[in-house]
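Residue numbers (the numbering used here), protein chains in the order written: chain G, 1 to 338; chain Z, 339 to 612.
Right, here's the structure in full:
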């Protein structure tokens, strides 16, 4: 083995994730971005993957750009365990001193990452929408806030940690000619008896999935009440589109957290986006990527949402939507009868 | 069953709450393009919505069993109002961690300071937080409090199934479903909106809370160094605040309600989307 170069920048790590031995697409997306950062830092990309029976995923990680894969492969790692996973990855990071650690903004990532960061005594930026290097080669982590963008850096501590949602970065084209090494992890002989997963229940998502929908209708607090919300849902239905929401609408209890679009929710890239009763906050609109046509319906003609869309309608959505739905249905019926 | 349960167990619950700009008016907060600072435009501060759900978990338990609830917040002196609100809802004790040295904290330093506050409170069987704050949306404070206190944590709890001592059973959301978890107290839980429907303040509660005092703890009360809290104790810093320009040129569709609807449908047909 070659001697390590002095002051060499540590590797860029991606904490990969699998569900039922299928690698999540956010993991390869992060490896793709990690490769860009690693090239600039003159270092390599390494992935960590924990699970059971996951040998089949190694090549996928390498083809995406990982030069080294740390593999924890054991029955007790089949499903994410908060303490066991944290312990293994923190120990590994303390030994290998990565410069950067990227983690998907999944349920697992959101629980694992903050515990890792606190143990490693370092910073962690949530749900970044871009990752670049600044002139000092610090990781500049972009997050939306209040009609603008914040750049966050972690200048004095390492690793620099960030979570990123699926769909923020594109999935890299797999290159099967790439090679990499696999390091099998020895698992610490520790009993974890404070916390146990008794059961994992997967539920089929209802309706058109947001991530792949051609038409997305998103609603916000302007719906006013549940009745108003149902009108927004009706619009989504009659367009055969997916229903999305802003955080205030989720907080009101009108819709489930899984319908939230934005920085800490889902990323969508529809042909048509219709925002109803929402003010166009960056935290929401960063979740709408490359929509062909954007429409906003809002009662306030000064609402900032109108700076972000192609067509604007100033009206009370609760009054306007029934009229619009009727017009759409009339058109659809004409199509059928023609 | 009840007759066998003779050992008197009092459960100590700490509910962490955060004062946030009212989410309904948050769109009025802008970045001043010249100074790159936030223009708050008098947006009122309220309790972070999900922290109300955390509070409700504690209040519902208090109705069934012997529970002592402490409401804990970190913030400027004005944040005392939201601690007071917790007292009015039925909390037994309210503590505000407030000190100029705590200012500018990122989630790491915030969680560290709150953990030190919880250590000073002493007894804590259950620590409850909202899953995320409406202003920062980071979700880190709950799990990081757990790490600093070396406690187990379950995030995104959507149902409290069993509250036996010391084993709690909870359902926690995952990306497409949920996991049923068994956790040994003391432990930290962060809750989602689905966990319950928070009660609203009652007049009698407000009257009762008038007599209760909020305790305010500063850096000396927590016995921590100024290097470990606030801006100085924060690994992350905001390096830039950028304003984003509107990317699209809006065309307002005007007319009567029916005309607007018709024109929009025509526009959508025109772009091949209908």
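Heads up, the beta-carbon is just placed ideally off N, CA and C, and yes, glycines get one too.
Open item on the list: My output table needs one value for residue 308/G: the three-state DSSP class, helix, strand or coil.
Closed with: coil
Task: Cβ-based neighbour list, residue 192/G, same chain, cut-off 6 Å, excluding 5 preceding and 5 following - done: 83 and 84
TODO: Measuring only between beta-carbons, confirm whether residue 481/Z sits less than 9 Å from chain G.
DONE: yes
TODO: From the DSSP output, in three-state form, read off residue 192/G for me.
DONE: coil
Open item on the list: Quick check on residue 485/Z: buried or exposed, where buried means 16 or more other Cβ atoms within 10 Å of its Cβ?
Closed with: buried
- [ ] Decide if residue 1/G is buried, meaning its Cβ has at least 16 other Cβ atoms within 10 Å, or exposed.
- [x] Low local confidence applies: a pLDDT of 44 at residue 1/G is under 50, so the model's placement there is unreliable, and no value is given.
- [ ] Determine the direct distance from the alpha carbon of residue 599/Z to that of residue 238/G, and round the result to whole angstroms.
- [x] 14 Å
Open item on the list: By the three-class DSSP mapping on this structure, what secondary structure does residue 562/Z have?
Closed with: coil
- [ ] Measure the Cβ-Cβ separation of residue 57/G and residue 172/G and say whether it is below 9 Å.
- [x] no
Task: Min CB distance residue 498/Z to chain G below 9 Å - done: no
Open item on the list: Considering only their Cβ atoms, is the gap separating residue 168/G from residue 681/Z smaller than 9 Å?
Closed with: Lying before the first or after the last residue shown, residue 681/Z is absent from chain Z, which here runs from 339 to 612.
Open item on the list: Check for me: the alpha helix (DSSP H) holding residue 391/Z runs from which residue to which?
Closed with: 387 to 402
Task: Coarse secondary structure for residue 440/Z, derived from DSSP in three states - done: helix
Open item on the list: Comparing C-alpha positions only, which one of 188/G, 136/G and 124/G sits nearest to residue 164/G?
Closed with: 124/G
Task: For residue 2/G, the three-state DSSP class (helix, strand or coil) - done: No answer about residue 2/G holds up, because its pLDDT of 48 lies below 50 and its placement is not dependable.
Open item on the list: Distance cutoff 9 Å, beta carbons only. Does residue 306/G sit that close to anything in chain Z?
Closed with: yes
Open item on the list: Short of 8 Å in beta carbon distance, which residues of its chain neighbour residue 329/G, apart from the five on each side in sequence? Order them along the chain.
Closed with: 238
- [ ] Would you grab the beta carbon distance between residue 611/Z and residue 271/G for me? Rounded to a whole angstrom, and I think it's under 8 Å.
- [x] 6 Å
Open item on the list: One question on the structure: do residue 389/Z and residue 471/Z come within less than 9 Å of each other, judged by their Cβ atoms?
Closed with: yes
Open item on the list: Tell me the DSSP secondary structure of residue 238/G in three-state form.
Closed with: helix
Open item on the list: Using a Cβ-Cβ cutoff of less than 6 Å, which residues in the same chain neighbour residue 465/Z once the five nearest sequence positions on both sides are dropped?
Closed with: 352 and 526
Open item on the list: Quick test of your reading: residue 273/G and residue 294/G, contact by CB under 8 Å. State the CB separation rounded to the nearest angstrom.
Closed with: 5 Å
- [ ] Just the C-alpha distance for residue 564/Z and residue 118/G, rounded to the nearest angstrom, thanks.
- [x] 18 Å
- [ ] Quickly, what does DSSP pair residue 141/G with across the bridge? List them, please.
- [x] 131/G and 152/G
- [ ] Starting from the beta carbon of residue 361/G, find every residue of chain Z whose beta carbon is closer than 8 Å, and list them in chain order.
- [x] Residue 361/G lies beyond the stretch modelled for chain G, which goes from 1 to 338, so this question has no answer here.
- [ ] Under 8 Å between beta-carbons, which chain G residues line up against residue 477/Z? List them in chain order, please.
- [x] 110, 114, 126 and 264
Task: Beta-ladder partner(s) of residue 354/Z, from DSSP - done: 410/Z
Open item on the list: Suppose you measure from the CA of residue 404/Z to the CA of residue 55/G; what does that come to, to the nearest Å?
Closed with: 51 Å
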